[in-house]
Every structure is written in C-alpha cells, then in structure tokens.
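Structure, as structure tokens:
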Amino acid sequence: MFKKKLEVLGAVAALVFSATTFSAEVPALPDYQKVSGISGNLSSVGSDTLANLMTLWAEEFKREYPNVNIQIQAAGSSTAPPALTEGTSNFGPMSRKMKDKENAAFEAKYGYKATPIRVAIDALAVYTHKDNPIEGLSIPQVDAIFSATRKCGYAEDITSWKQLGTDLGNIQIYGRNSVSGTYGYFKKKALCKGDYKDTVNEQPGSASVVQGVTKSLNGIGYSGIGYRTSGVKAIPLTKKPGQPFIEASKQNAANGSYPLSRYLYVYINKAPNKPLAPIDREFITMILSKVGQQVVIKDGYIPLPSSVTEKELAKLK
Numbered sequence: 037m038f039k040k041k042l043e044v045l046g047a048v049a050a051l052v053f054s055a056t057t058f059s060a061e062v063p064a065l066p067d068y069q070k071v072s073g074i075s076g077n078l079s080s081v082g083s084d085t086l087a088n089l090m091t092l093w094a095e096e097f098k099r100e101y102p103n104v105n106i107q108i109q110a111a112g113s114s115t116a117p118p119a120l121t122e123g124t125s126n127f128g129p130m131s132r133k134m135k136d137k138e139n140a141a142f143e144a145k146y147g148y149k150a151t152p153i154r155v156a157i158d159a160l161a162v163y164t165h166k167d168n169p170i171e172g173l174s175i176p177q178v179d180a181i182f183s184a185t186r187k188c189g190y191a192e193d194i195t196s197w198k199q200l201g202t203d204l205g206n207i208q209i210y211g212r213n214s215v216s217g218t219y220g221y222f223k224k225k226a227l228c229k230g231d232y233k234d235t236v237n238e239q240p241g242s243a244s245v246v247q248g249v250t251k252s253l254n255g256i257g258y259s260g261i262g263y264r265t266s267g268v269k270a271i272p273l274t275k276k277p278g279q280p281f282i283e284a285s286k287q288n289a290a291n292g293s294y295p296l297s298r299y300l301y302v303y304i305n306k307a308p309n310k311p312l313a314p315i316d317r318e319f320i321t322m323i324l325s326k327v328g329q330q331v332v333i334k335d336g337y338i339p340l341p342s343s344v345t346e347k348e349l350a351k352l353k
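Under the working numbering, the first residue of the sequence shown carries the number 37, and numbering increases by one thereafter.
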C-alpha cells in the first residue's frame, strides 16, 4: 500500500494570494482569529486527494501556533474511518462520505456517528494527453471506456480511440486503487456502480494517474482537478449523449452543472453536547476561514461559499 507520511515542522511563510482572485473567489468569509493556549500534537490519516490540502493547512496552522506538531498520513480515504474509530488520528480527510459499515463501526464504539466537515469543492476530472483532439465525452461513454459492465447504458464496449473519432490506437486506462475514495466516487457516479475493467492501470495516488496519462498519448484517467498539469487536459463531460459538454471548471463545479463535482470532507470525533478539544476546534475553524479557503484556491480546488462554512462551523459547537 502506498503510504505518504509528512511531518510538518517549523514555521513557514504566509501564503500569498492575489487580491483580485481572493475577492472574486472567497467572498464574505471571516478572518481567522488566533486564540491563546493552543499547543500539542495533531494527526491526520486518510485521503490522498486531500494530502496536499492537509499539508498546506497544517503549515498555515503551524505558522499561527508554532508549538503544534502535525503528522499527516495519506494512503487513501478508506484508511480514515478505522484510524478515527481507533483514536489514532484527530482528523479523517475523505474524498467521499463514510460508508454505512464505516459509520456503524464508529458508532458501535462511541455511541454516536463521526461528524463530517465539508472543507472544499472538487471537480473530478477525466484527463487525456494534452495533444488528444477529443472535444468531450458523455458519462455513458466514460463508463464504456472504464467499465466492464456498462451500467450507464452505452451500446458497445469502447477500447479504441477510433470509436471516438480520433486515430490514437487502443485506449490505455489509468485509475486509482480500491482504498481510494476517488476510486469509489468514480465507480458510483461515472460507472453507474458498475465494475472496473481488469485493464485499468491502478495507481497509488492522484498525481500518479496524471503522470501516467502525461506519458501516454493514448491514455485516459481520472483524478481531482487540483492535480491538473500542463501535460494533460480535462475533458468536458455531459451526463447524457447529445447534451452540451460542460467544462471541469471551478464555476461549473461550484454550481453543480459539472457531472463529477463533489465535496471534500474532514471527519472528526465530536461527541454531542460536548466541546471539541481546542486544538482540533481551531484547526477546523481555520480551514473554514478566509485563510483556509485561500489555501483551497492555491491548491487548485474550489472554495466553499459562506452559506456552507456557516453550517460546518455550527457543527463544532
């Protein structure tokens, strides 16, 4: 299992953002107000998709509170629920919601469910090589490329780019492994809960998928929009054939028109009617503040509107 472990030590410089971008994309969010007495250790175990976001948030938090040490492990969303349940992590970043059995295991131990905090919006992109001329795909076509079952209803299996109007030979498919929340989300939304083909080149992380597609003119893969590079392009998608293609843009993800837009989560252990530990509370509060959502933009994701951050902050009380 691929495992990324990052120890965030020492103060770091403040993140710098353009005022124009900031005012346009992070409106009406509160400034983070530093409090006294915050020190100790924090641990995060979970999503690879959120690995860089958690690291950047940790750096910002460390800048505010130099006496805090933060450890981040990012092997995949499926590692978050057991770590949170066992009490070996403070935070469980996930690119999907907890499954019923994961919630049940947590509730069996604590008598209440883990609390999901929405922290950012993501567009899960379908990437091809930058020189691939294809203009767009429908979800049924995506399903026919990646899935052995074609539950989204496409008439035939798609194995060659010639079937899609380009002359790039056989399609080389890249994807995530089953421990990944992105794997599960794509299976649910793009494959209509079908089964992946055996020919998918499973990668240990989001960046690895993009790297694979970058090196393969005939390649296609899926990953969060925050992992887009100059070597790939995000293919516009539509839910049904014949409908206009929708770009994988921040605006389209935020308004829900892009077919593969989703929230990203950080799960916490919050007992009902009991205050969260101050260090945990302040970390989440910072994420939902202006500076925390600036980090979201810096990492290529979409910030939360104030209507959402207010609801998430209320969960901390």
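Don't be surprised by glycine CBs; every beta carbon is placed ideally from N, CA and C. Please read all numbers here as calculations on a predicted model, not as lab measurements.
Along the chain, where does the alpha helix (DSSP H) that runs through residue i open and close?
i	result
Val178	175-182
Asn88	87-100
Gln330	326-334
Tyr219	217-225
Lys236	Lys is not the amino acid found at residue 236; the sequence shown has Val there. Taken as a continuous stretch (DSSP letters only), Val236 belongs to no alpha helix (DSSP H), as it is neither H nor E.
Lys229	That residue, Lys229, is in no alpha helix (DSSP H); it is neither H nor E in DSSP.
Ala64	Segment: none, Ala64 is in no alpha helix (DSSP H) and carries neither H nor E.
Gly248	242-250
Ser342	342-350
Ignore the nearest five residues each way along the sequence and tell me which others in residue i's own chain have a CB closer than 8 angstroms to its CB.
i	result
Arg317	Pro311, Leu352
Lys133	Pro152, Tyr301
Asp167	Leu253
Lys275	Ser174, Ile175, Pro295
Gly172	Ile271, Pro272, Leu273, Thr274, Phe281
Thr235	Ile209
Pro277	Ser174, Pro176, Gln177
Leu92	Leu51, Val331, Lys334, Asp335
Lys187	Asp179, Leu227, Cys228, Lys229, Gly230
For a quick check, are the C-beta atoms of residue i and residue j less than 8 angstroms apart?
i	j	result
Thr164	Lys306	no
Gly128	Ala119	yes
Ala161	Ile282	no
Thr321	Leu349	yes
Ser113	Ser216	yes
Ile74	Leu340	no
Ser325	Leu65	yes
Thr121	Lys145	yes
Pro308	Tyr148	yes
Ala111	Asp179	no
Met90	Ser80	yes
Ile304	Ala150	yes
Ile256	Ile207	yes
Following the continuous beta strand (DSSP E) through residue i, name the residue where it begins and the one where it ends.
i	result
Gly76	76-81
Val71	Careful: Val71 lies outside any beta strand (DSSP E) and carries neither H nor E.
Ser125	Where Ser125 is concerned, there is no enclosing beta strand (DSSP E), given that its DSSP letter is neither H nor E.
Ser259	255-260
Asn105	104-109
Excluding sequence positions up to five away, which residues of its chain have a Cβ less than 7 angstroms from the Cβ of residue i?
i	result
Asp231	Ser183, Ala184, Thr185
Ser59	Low confidence applies here, because Ser59 scores a pLDDT of 35, under 50, leaving its location unreliable; read the following figure in that light. No residues qualify anywhere along the chain.
Glu346	none
Gly267	Lys166, Thr250
Arg154	Tyr299, Tyr301, Leu340, Val344, Glu348
Whose C-beta lies closer than 6 angstroms to the C-beta of residue i among residues of the same chain, with five residues either side of it excluded?
i	result
Val332	Ala156, Pro339
Tyr68	Met322, Ser325, Val327
Ser83	Ser113, Pro129, Met130, Ser131, Gly217
Thr100	The residue you asked about is not Thr; residue 100 is Glu in the sequence shown. Answer for Glu100: Lys70, listed in chain order.
Phe222	Tyr258
Ala191	none
Pro117	Met134, Glu138
Gly189	Pro176
Ser297	Ala159, Ala289
Met37	Any reading at Met37 needs caution, since the residue's pLDDT is 38, under 50, leaving its predicted position unreliable; the model's value is listed next. Ala111.
For residue i and chain B, any beta-carbon pair shorter than 8 angstroms?
i	result
Gln279	No chain B is present in this structure, which holds just one protein chain.
Complete runs of the alpha helix (DSSP H) confined to the stretch 129-214 [at least 4 residues]:
Qualifying alpha helix (DSSP H) stretches, in chain order: 136-146, 175-182.
Going along the chain, which unbroken runs of the beta strand (DSSP E) with 3 or more residues stay wholly within the stretch 263-315?
268-270, 297-304
Between the stretch 187-197 and the stretch 285-301, do three or more beta carbon pairs fall short of 8 angstroms?
no
If contact is defined by three or more beta carbon pairs under 8 angstroms, each pair taking one atom from either stretch, is the stretch 244-253 in contact with the stretch 199-213?
yes
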